[in-house]
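Asker: All letters in the sequence shown, in the order written, are residues 2 to 674 by my numbering. Think of the CB as a built atom: it goes at the ideal place given N, C-alpha and C, for glycine as much as any other residue.
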Amino acid sequence: MVVAAKSEAASPVAEGARHPLDPLTAPEMEQAAALVRGRHTSRQLRVVSIALREPLKRDVLAFSPGDPIVRRAFVVAIDRADGKLYEGVANLATDRLESWVHQPGAQPSPTMDEYMDADRVIRADKGWRAAMKRRGVENLDLVQIDPWPAGNFGDPREQGHRILRGISYVRDEQASNGYARPVEGLVAVVDLNEQRVLHLVDEGNAPIPEADIRYDLESQQPVRDDLKPLDIVQSEGVSFTLEGHELSWQRWRMRVSHHPREGLVIHQVGYEDPASPASGDADARGELRSICYRMSLSEMVVPYGDNSPGQYWKNAFDSGEIGLGRTTNSLTLGCDCLGEIVYLDGLVAEPRDGTRTIENAICIHEEDFNVLWKHTNGANDGAAEVRRSRRLVVSSWATVGNYDYGFYWYFYEDGSIEHEIKLTGIIQTMAVGRGAPSGSAQMVAKNLAGPIHQHFFCVRMDMDIDGTKNTVQEVESRPLPPGPDNEHHNVFEAVVTPIRSERESGRKVHSPTARHWRIANPSRTNAVGEPVAYALFPGETADMMAGPESAVAKRAEFATKQLWVTREAPDELYAGGAYPSQTTGGDGIPSFVSAQRALERQDVVLWYVVGTTHIVRPEDFPVAPVHRSGFALRPWGFFDTNPGLDVAPSRMACGHLVGECTCDHGAHGNGAH
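#1: What are the start and end residues of the alpha helix (DSSP H) that includes Arg124?
#2: Under DSSP, the alpha helix (DSSP H) around Phe593 begins and ends at which residues?
#3: Spatial neighbours of Pro310 within its chain, please: CB distance less than 7 Å, with the 5 preceding and 5 following residues excluded, ordered by chain position.
#4: Does the distance from the C-beta atom of Tyr170 to that of Ile146 stay below 9 Å?
#5: With a threshold of 8 Å on Cβ separation, who are the neighbours of Arg130 within its own chain once the five nearest residues in sequence on each side are excluded?
#6: Are there 16 or more other CB atoms within 10 angstroms of the CB of Lys315, so buried, or fewer, so exposed?
#7: Counting C-beta neighbours from all protein chains within 10 Å, is the total for Asp282 16 or more, i.e. buried, or is it exposed?
#8: In chain order, what residues of the same chain have a beta carbon less than 8 Å from the beta carbon of Gly468, not counting five sequence neighbours either side?
#9: Return the CA-CA distance between Leu393 and Glu367, expressed in angstroms with no decimal places.
#10: Whose CA, out of Leu228, Glu263, Tyr575 and Ile427, lies closest to the CA of Thr329?
#11: What does the alpha-carbon distance come out to for the pair Val77 and Val605?
#12: Where do the N-terminal and C-terminal ends of the alpha helix (DSSP H) with Pro304 fall, by residue?
#13: Would Pro626 count as contacting chain D if we go by Cβ distances under 9 Å?
#14: Using a Cβ-Cβ cutoff of less than 6 Å, which residues in the same chain neighbour Val102 once the five nearest sequence positions on both sides are dropped?
#15: Determine the extent of the alpha helix (DSSP H) in which Leu143 is found, giving its start and end residues.
#16: Are Arg298 and Ser320 touching if we call contact CB-CB under 9 Å?
#17: Assuming Ala261 contacts Gly326 (C-beta within less than 8 Å), just tell me the rounded distance between them.
#18: Do the stretch 504-515 and the stretch 549-567 touch if we need at least three Cβ pairs shorter than 8 Å?
#19: Based on DSSP bridge pairs, tell me the residues matched to Asp60.
#20: Give me the Cα-Cα distance between Phe632 and Val37, rounded to the nearest whole angstrom.
#21: Quick one, are the C-beta atoms of Gln104 and Asp80 less than 9 Å apart?
#22: Roughly how many angstroms separate the alpha carbons of Ile520 and Leu265, rounded to a whole number?
#23: Here's a check: name, in chain order, each residue in its chain whose Cβ is nearer than 6 Å to the Cβ of Ala33, leaving out the five neighbours to either side.
#24: Would you call the CB atoms of Tyr413 and Phe458 closer than 9 Å?
#25: So, are the CB atoms of Ala35 and Arg72 less than 9 Å apart?
#26: Across the stretch 192-199 and the stretch 221-241, are there enough close Cβ pairs to call them in contact, namely three or more that are closer than 8 Å?
#27: Determine the contact status of Trp253 and Gly645, defining contact as a CB-CB distance below 9 Å.
#28: Using a Cβ-Cβ cutoff of less than 7 Å, which residues in the same chain neighbour Ala279 once the five nearest sequence positions on both sides are dropped?
#29: What's the C-alpha gap between Lys555 and Pro581?
#30: Tell me the DSSP secondary structure of Pro452 in three-state form.
#31: What does the alpha-carbon distance come out to for the pair Asn491 and Phe241?
#32: Have a look at the DSSP bridge pairing and note the partners of Leu393.
#33: Identify which residue in Glu99, Asp192 and Arg635 has its Cα closest to the Cα of Asp120.
#34: Can you give me the start and stop residues for the alpha helix (DSSP H) that Arg47 sits inside?
#35: Which of helix, strand or coil does DSSP assign to Pro21?
#36: Under three-state DSSP, which class holds Arg72?
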């Protein structure tokens, strides 16, 4: 049995916010939009985004239930009449626009209706229509146009314009996979303000591939039918509670919300350390210890490594140039999420008027995850102690053009946190003529190749290990030189080096020395007299292959290293800058670390970059299996002992503890957790 438990508490709080970090409701977004339109009366004004203007961190940490809450909305809009970007702060309590500021030279991400405008403008362009006719395409209704962020490559024809680049694919029928039939070398550059094709690149000579390679269910018949049902049953319901946006599970506490740019955001992650048995108070609650104030995907970039006219410029910033929150999926029970689920909706502002609700934007559930800890006492009586691991999963998915990304935060009973990014969807494709392409693309079907590319995800974590005065330490294992202290040539030690200032920020993963980083609180020590800490352990990652003089390396300097550390600042949220569209570089992380602020015993922010290099293979088409990458945060002396010792043994469905059951469950047993 699969159950969907959508709690009423998961809906927006209609009667008003109960916490300063509660996301904006639809009436609040509409109120903010009305204030902006009352101030800026241009009929060409388009709202790019409306989000909660988060209060200062110190004010949130000082908040107690019942305290008055002043709600503010942060509005980004563009006037299509002159192409100017504006930022506004609306005070929703006083119904007043506190600020309305033009940001000269900045370009916000295109609105969803601008993407549709680009499609319309390209289809109407005589040059594009002629180029399609030369390729033998008569029915333009079968053409799929994908508008892309343009980047900035110094082309004088494009400077001073707000642009998108449009590439084309030809479907055999409306429901088929357009990416199987790309129109190579044809790129339309669209001016969004002037609503015209600025210039047309037409340098393709490869024929449009003929094969129509589909992935839908109908085209795959007959499908496998030999799997028996797998039911996930929680007969007594879920073990977590969701009150508004506050999520509690086991000893974990956090706040979960959806942001129009970042998508899934988690605030105020803490762990309730149980009260000491020596207190004698059976009802005493433990200390809620802070771990991370705010964690989210700050930015991501996908640079492509082929030099051809239709490929070299592809390096989308999927968060800052498109908006992961706007492209968040509505999740489906039994497909995206399995088990007993509680969902949270998302909410985004529409460019012209109103709001759009993304139902089931965030999925919250529990999973069995094999063994938490185990030992068999073979030296004595052979008795075994084992505990099953269960984890809390908070996840969301976003579809950005051809790719689909899943963002999963896992919380474990031993105090560990993992972040996993799942990549799937359809690869970018390119048509090739006779012979094989160069090493920068790999064949996936006849006359069809996938260009090599990379994905970089920068996760921002405002760490608060038992408070805001933390120090980040780089830890490496190094062998001692031969000598009296290493006469058997086997001694190695952990070398701990503090990152003292932003001048020293920008660190790389180094697998030979097992390099990782600890976030420590020197003002609080554990039972062995060492500072309490959490450690960040890298997972799969990669160096950026684009050279330092490339446009993408300049614009996405954050992706050239795996770890950056900065001081907390309320306006430093985005690794690639607040508005990465069509920039030339220097925004975001480079400008943050240039302040060279001291980092020891400070309120520190970690920016960790997950990187994957995708050398495309035939099995990645027509739709790619999920690829997983991520990292882990694990307690390092944060607790005085294994915090999972008090996890209860698993029970069988009959109610008996595993190992003590004498019921006849048959050959397969019954191991319900």
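Answerer: So, to answer that:
#1: Met113 to Ala125
#2: Ile590 to Val594
#3: Gly186, Val188, Val202 and Glu204
#4: yes
#5: Arg124 and Leu141
#6: buried
#7: For Asp282, the pLDDT reaches just 49, beneath the cut-off of 50, and the residue's location in the model is therefore unreliable, although a value from the coordinates is still provided. Exposed is the call here.
#8: Ser291, Asn522, Ser524 and Arg525
#9: 5 Å
#10: Glu263
#11: 27 Å
#12: Note, Pro304: premise wrong, no alpha helix (DSSP H); beta strand (DSSP E) at Glu288 to Pro304.
#13: The structure shown contains no chain D; it holds only a single protein chain.
#14: Glu88
#15: First-last for Leu143: undefined, no H or E at that position.
#16: According to the sequence as given, residue 298 is Leu; it is not Arg. Result yes, Cβ atoms of Leu298 and Ser320 sit closer than 9 Å.
#17: Before going on, a small fix: residue 261 reads as Pro here, not Ala. Indeed they touch by this definition, with Cβ atoms about 4 Å apart.
#18: yes
#19: Per DSSP, none; premise fails for Asp60.
#20: 41 Å
#21: no
#22: 23 Å
#23: Ile51, Ala74, Val76 and Ala91
#24: no
#25: no
#26: no
#27: no
#28: The predicted position of Ala279 is uncertain, since its pLDDT is 43 and thus under 50; a value taken from the coordinates is nonetheless stated next. Cβ within range, chain order: n/a, list empty.
#29: 11 Å
#30: strand
#31: 47 Å
#32: Glu367 and Phe412
#33: Asp192
#34: It is not in any alpha helix (DSSP H) - Arg47 instead sits in the beta strand (DSSP E) that spans Leu46 to Leu53.
#35: coil
#36: coil
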